[in-house]
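**Q** Following the working numbering, the numbering of the sequence shown begins with -12 at its first residue and continues without gaps. Every residue gets a Cβ at the ideal spot worked out from N, C-alpha and C, and that includes glycine. These figures come from a predicted structure and were not determined experimentally.
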Amino acid sequence: MADEKKLVEYLQWTTNELARLKKELAQRDARLAALREPVAVISMACRYAGGVRSPEDLWRVVADGVDTVGGPPLDRGWDPAALEHAHAGAFLDDAGGFDAAFFGIGPKEALAMDPQHRQLLELAWEALERAGLLPDELRGSRTGVFAGAIYQEYAPPPGTVPADIEGHLMTGNAASIVSGRLAHTFGFEGPALTVDTACSSSLVALHLAAESLRRGECDLALAGGVTVMSTPRVFSDFAAQGGLAADGRCKAFAKGADGTGFGEGAGLLVLQRLSDARRAGHPVLALLPGSAINSDGASNGLTAPNGTAQRKVIEAALRTAGVPAAAVDAVEAHGTGTALGDPIEAGALIAAYGEAPGRTTPLHLGSVKSNLGHTQAAAGVAGVIKTIQALRHRVLPATLHADDWSEFVDWPRDRVTLLDTARPWPAPADGPRRAGVSSFGISGTNAHVLVEEFTQDDTAEEAVARQPAPGVRESDPPAASAGQDLLWPLSGKSADAVRAQARRLRALLAERPDLDPAAVARSLVRHRTAFRHRAAAVGADPAELGRALDALAAGSAPVTAARPAPRVAFVFSGQGTQRVGMGAELHARFPVYAETFDAVCAALDTARGRTGEEPALREVVLAAAGSPQAALLERTEYTQPALFAVQTALARLAEWYGLVPAALLGHSIGELTAAHVGGALDLAAAARLVAVRARAMQAAPGGGAMVSIRAEEAAVRDSLADAGGAVDIAAVNGPRSTVVSGDADAVRRLAAAWRARGARTKTLKVSHAFHSPHMAPALAAIDAAAAPLAVDEPRVPLVAGRTGAVADRADLADPGRWSAQVRGAVRFHDGVRTLDGLGIDTFVEIGPDTTMTGLIADCLADRGDAVATVPLIRRPAAEARSVVQAVAQAHCRGVRVDFGRLLGPGPAADPGDLPVYPFRHRSYWLPRTPAPTGPAAPVAPGALAPEDDVCVLLPLHEVPEEERYGIVLAHVLDAVAAALGNTPAEIDPADDLTGIGVTSFGALEIAGRLSRETGAELRPAVVLEHRTAHELTTYLVESIVPRTPETAR
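1. Quick check on DSSP: helix, strand or coil for Arg7?
2. Alpha carbon to alpha carbon, how far is Ala447 from Ser30?
3. Per DSSP, Phe249 is paired with what?
4. Could you give the DSSP three-state label for Trp0: helix, strand or coil?
5. So, for Val48: in the same chain, excluding its five sequence neighbours on each side, which residues have a beta-carbon less than 8 Å away from its beta-carbon?
6. To which residues does DSSP link Arg521 through a beta bridge?
7. Can you tell me which of the three DSSP states Glu934 falls into?
8. Could you have a look at Asp(-10) and say whether DSSP puts it in helix, strand or coil?
9. Please go through the same chain and pick out, in chain order, the residues whose beta-carbon is closer than 7 Å to the beta-carbon of Asp401, but skip the five residues on each side of it.
10. Report back the beta-carbon spacing between Ala698 and Arg723 to the nearest angstrom; my notes put them in contact at under 8 Å.
11. Looking at the structure shown, is Gly653 part of a helix, part of a strand, or coil, going by DSSP?
12. DSSP puts Lys749 in a beta bridge; with which residues?
13. Going by DSSP, name the residue or residues bridged to Arg34.
14. Thinking C-alpha only, which one of Ile372, His194, Gly345 is nearest His435?
15. Would you check if the stretch 180 to 187 and the stretch 85 to 100 touch, i.e. whether three or more CB-CB distances between them fall below 8 Å?
16. So if DSSP puts Leu231 in a beta bridge, which residue, or which two residues, is it bridged to?
17. Taking all protein chains shown into account, do 16 or more other C-beta atoms lie within 10 angstroms of the C-beta of Asn1040, making it buried, or fewer, making it exposed?
18. Who pairs with Leu437 in a beta bridge, going by DSSP?
19. Give the DSSP bridge partners of Asp715, in chain order.
20. Is it right to say Gly982 is buried, meaning 16 or more other beta carbons lie within 10 angstroms of its own, or is it exposed?
21. Quick one: Cα of Ala452 to Cα of Ala264, how far?
22. With a cut-off of 8 Å, do at least 3 Cβ pairs link the stretch 493 to 502 to the stretch 896 to 906?
23. Look at the alpha carbon of Glu4 and the alpha carbon of Val(-5), and state the distance between them as a whole number of angstroms.
24. When DSSP labels each residue in this structure, what does Phe988 get in the three-state scheme?
25. Figure out for me which residue from Ile301, Arg907, Glu658 has the closest Cα to the Cα of Val786.
26. Where do the ends of the beta strand (DSSP E) carrying Leu350 lie?
27. Measure from the C-beta of Val148 to each C-beta in chain D and report whether the shortest distance is under 8 Å.
28. Alpha carbon to alpha carbon, how far is Ala1003 from Ser1026? Give it in angstroms, no decimals.
29. In terms of residues, what are the limits of the beta strand (DSSP E) holding Ile833?
30. Give the C-beta separation of Pro971 and Thr1015 to the nearest angstrom, bearing in mind that I take them to be a contact with Cβ-Cβ under 8 Å.
31. I need the boundaries of the beta strand (DSSP E) containing Thr404, first residue and last residue.
32. When you compare only the Cα positions, how much space is there between Lys(-8) and Leu8?
33. Would you be able to state if there are at least three C-beta pairs under 8 Å between the stretch 167 to 182 and the stretch 398 to 417?
34. According to DSSP, simplified to helix, strand and coil, what is Gly84?
35. Do the stretch 544 to 555 and the stretch 803 to 818 meet, that is, are 3 or more Cβ pairs less than 8 Å apart?
36. If you drop the 5 nearest sequence neighbours on each side, which residues of the same chain put their C-beta closer than 7 Å to that of Gln627?
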């Protein structure tokens, strides 16, 4: 037994050990597979000379054979005497341009920041947008930054810039901050490395990024490089060494090569493991199957190239990728155009590729430096972008200046050929198209990267195309078909940016008629950040969308500033807003509307006790104009149920698209719809009450009249004494909008008297004198119908029309309240002001027209842009478009609408095809002039010098309390503007202070200035805790005890 027990224990141990070893082997295999996994390029962004602002522009330059070399820049303050050798180069235009406000950077800090930092910030945003990634969603992610950068020459010598700029020079110019600033700005938590291996910096950065992804150090990576020459020193240095081309052009591998020519630029790639990219549905532009880096070692000189090392780095990259040399079709060479370097590189390429066994076609050789010059730290990534574009276009573009090949190379033309003309790039018979890209640094660091074509199988393409828009569910209705209205949302950090984006989208429509407008709409929703300033283009086809974009671009259509957390109220209209065919288009277009409307009509028909001889309510509402059924809509017994059905369906349609009410208000019959929509009355109970109310009011005596008078309620009420009780106030619709109701003759006389006093009046088209003593015969029936109703506590606050106050369950369950609502006045004005007091700022009219919209605007005229009215149907002749426009307006207001339901499932356009964010540039370039010496400049009247310690108190004790806030706010804005380098007019009091660039240093300056000006003890931490100028002002006003100068001593 003991032996058996030992045997069992041994077998159990063996089994466990085998399972452990199997698990370890699987983990090892997974690690090895990860190290061999191709890295996908999912996006590219770049800026180079010749107006290159995108990879498409770069392809235009190389495909059209454009030479981008030009004269020196005139906006950098370069000494003309230093331009002897810098007379020609491929310089960036607008190198000092930057949208500092977009990144929350103040003008002072932006001015102190090396333009290379600024170029990469904007390019990073563009690259992420082109990948379809929302930058804010990457905060806290394991995203790496690998940036190549060489120069650190932007910062002038100490003592040559103002003191308030010097504080930013360290972080604005340190090499490590190039990558660190990107990680900080975007919230990336992967590796952040700045690479300086001279000319090979960006390709080395790309290699390190790919390896980091394969090792699992990051899940996404931005890799590339940047060069902006802040001084012309490199031209002088190379000229002194005899390495500068006389005309500033790189003549790679050409007979006329006489030295290099310098250029500027920046490029970034977004990289991801291929498996992750496919799983996420990201576009895969190309693959990086392998790469390698090495050093020249002890070569012929520190800066002399080493052909053997170059051959070895190519061979190492091929081994890493598992690709035979003969399977590589082309090489984007380093190709600087020097008489020494080009022959050495050509020899290495011939040895590594040309002499490879199995090569049946020649290796094609080219260099983008012939177009862009040697862009140094941005050169390698330029070559990669050119190569990927060549793969996608299946063309090998020509290298300029290479009509005659270098006589210093023994060219085996059947194995290596120079691309002196553009050639088609046919697909190899046994694999994908492939190319190598080389970069060799003057310090001896070499890099070679293999780039491979990616062909996505049909199954994967279909899976990506089937991806739903955000919020779409399998049960949602199908996507909008041709001819139905679409919404293109636009946004920016300023209204000007929104209008610029409209111009770009308008150009897209003209340039890409093949793009599906619905797919573009989904991509704009899914792949572009929704900023505060918003607008929308609505149209059913490209022509209509184009006209809407033109209106936005021209400034004739509004741009709205979204509120952080808008609160929506539904406002239901009353009788008199009905019209023939109301909702018919919605019934045909929107299933959720049709289903709700049909169900409510059926419930109302049951509650009305409809017989087979009577037309169904649905038939009356949807009847054609001029038909007998349509005429019934003017009878109260049909009007009120019809409005209830239409409004309930409209409310559910609005909710379907994400317009969720925080409060409800109804005008007369609209209050019953509000009670049902808010959950106080279920459908059956509400239908019974509506049906009884409508018939009872229909049966009330006719012959009355109603008139709206443009006058205040109190004045109108005083005038009723002459009517002898025959006229009563029926509604108070605004501060100067009062409706009277009663005996027809008495109402007409009263209206005439008011017109004689200069007031405007309007006779309402009604069948009865509603909300007057004429309704007395209807009240008993309404009480009887209301008594047995089951009433629940409203799920949403419901403002009572009769009192203008929030109603609770007890009020709604009172049997007499619904008859009192019929007899008493509608206090709509009070109700709207109550909603305003509840924090409602977005009023959505639920009804067949815009009647309530005008009344609400009148009630809240003093609130200005703080409130907005959104009619769900603003154009009765275009109901479906009106709904889309209402959703658009709500979105622009800041409401989180359900775009998935609005746009339906379907493919989204490639985010790389859409315009990127239109940065609004200001020029920032530090002048290289000595700072003034001697006494400080005089302080402007009313201003305070930073070192002024005199307690200069605001004379708040002399100011009325209601004016103090505005005075303090003005000082806060002055202080914030001074700290940032803005003007006070550029500071929005609602802006997040840290979001517009207030740092801890800025908070210290603001706190010191405001403490001196107000006498309050303001700590820098308090400035950062109170996120906006409004909040900081409120704190200061509450902190300052008004004091006289005497009590302050």
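**A** With the given structure in hand:
1. Numbered from its first residue, the sequence shown carries residue 7 at position 20. Correct three-state label for Arg7: helix.
2. One-based indexing of the sequence shown puts residue 447 at position 460. One-based indexing of the sequence shown puts residue 30 at position 43. Its pLDDT being 41, under 50, Ala447 is placed unreliably in this model, and the value from its coordinates should be taken loosely. Whole-angstrom Cα-Cα distance: 18 Å.
3. Along the sequence shown, one-based indexing puts residue 249 at 262. Bridge partners of Phe249: His361.
4. As a position in the sequence shown, residue 0 is number 13, starting the count at 1. If DSSP states are grouped into helix, strand and coil, Trp0 belongs with the helices.
5. Your numbering for residue 48 matches position 61 in the sequence shown. Contacts found: Tyr35, Gly37, Val39, Thr55, Asn358, Leu359.
6. Residue 521 sits at position 534 when you count from the first residue of the sequence shown. Answer is Ser478, Thr547.
7. Looking up residue 934 in the sequence shown gives position 947. Per-residue confidence for Glu934 stands at a pLDDT of 40, beneath the threshold of 50, marking its modelled position as unreliable; the derived number appears in the next sentence. Coil, per DSSP.
8. The residue you call residue -10 lines up with position 3 of the sequence shown. Note: Asp(-10) maps to helix in three-state DSSP.
9. Residue 401 sits at position 414 when you count from the first residue of the sequence shown. Closer than 7 Å at Cβ, skipping near neighbours: Pro349.
10. Reading the sequence shown from its first residue, position 711 is the one you call residue 698. Reading the sequence shown from its first residue, position 736 is the one you call residue 723. Confirmed, about 6 Å.
11. Along the sequence shown, read from residue 1 onward, the residue named residue 653 stands at position 666. Look at Gly653 here: in three-state DSSP terms it is strand.
12. The count along the sequence shown starts at 1 and reaches residue 749 at position 762. Lys749 pairs with Ser695.
13. For this step, residue 34 is matched to residue 47 along the sequence shown. Looking at the DSSP assignment, Arg34 forms a beta bridge with Ala253.
14. As a first step, residue 435 must be located in the sequence shown, where it is residue number 448. Minimum Cα distance to His435 is reached at His194.
15. No: the two stretches stay apart, fewer than three of their Cβ pairs being nearer than 8 Å.
16. On the sequence shown, position 244 is the one that residue 231 refers to. DSSP lists Thr247 as partners of Leu231.
17. As shown, the chain starts at -12 and ends at 1036. That puts residue 1040 outside it, with no answer to give.
18. Here residue 437 corresponds to residue number 450 of the sequence shown, with the count starting at 1. Answer is Gly277, Gly423.
19. Looking up residue 715 in the sequence shown gives position 728. According to DSSP, Asp715 bridges with Ser728.
20. By 1-based counting over the sequence shown, the position of residue 982 is 995. By the neighbour-count rule (16 or more Cβ atoms within 10 Å), Gly982 is not buried but exposed.
21. Within the sequence shown, numbered from 1, the residue matching residue 452 stands at position 465. Within the sequence shown, numbered from 1, the residue matching residue 264 stands at position 277. Here the model assigns Ala452 a pLDDT of 41, short of 50, so the residue's position is not dependable and the matter cannot be decided.
22. yes
23. By one-based count along the sequence shown, residue 4 stands at place 17. By one-based count along the sequence shown, residue -5 stands at place 8. Straight-line Cα distance between these residues: approximately 14 Å.
24. Start at 1 with the first residue of the sequence shown, and residue 988 comes out as number 1001. Helix, per DSSP.
25. Counting from one through the sequence shown, the residue named residue 786 turns up at place 799. The option with the nearest alpha carbon to Val786 is Glu658.
26. Position 363 of the sequence shown, counting from 1, holds the residue named residue 350. Leu350 -> beta strand (DSSP E) spans 350 to 353.
27. Among the protein chains of the structure shown there is no chain D, as only one such chain exists.
28. For the purposes of this step, residue 1026 is identified with residue 1039 of the sequence shown, where counting begins at 1. For the purposes of this step, residue 1003 is identified with residue 1016 of the sequence shown, where counting begins at 1. Answer to the nearest angstrom: the Cα atoms are 7 Å apart.
29. Walking along the sequence shown from the start, residue 833 turns up at place 846. Its beta strand (DSSP E) spans residues 829 to 833.
30. Counting from 1 along the sequence shown, the entry for residue 971 is found at position 984. Counting from 1 along the sequence shown, the entry for residue 1015 is found at position 1028. Not a contact, Cβ separation roughly 15 Å.
31. Residue mapping note: residue 404 aligns to position 417 of the sequence shown, counting from 1. From DSSP, the beta strand (DSSP E) with Thr404 extends over 403 to 405.
32. For the purposes of this step, residue -8 is identified with residue 5 of the sequence shown, where counting begins at 1. For the purposes of this step, residue 8 is identified with residue 21 of the sequence shown, where counting begins at 1. Looking at the two C-alpha atoms, the distance is approximately 24 Å.
33. In short, these stretches do not touch, since the Cβ pair count stays below three.
34. Here residue 84 refers to the residue found at position 97 of the sequence shown. Three-state DSSP puts Gly84 in a strand.
35. no
36. Sequence index remark: in the sequence shown, residue 627 carries index 640 (1-based). Correct list, in chain order: Gln562, Ile656, Val677, Arg680, Ala681.
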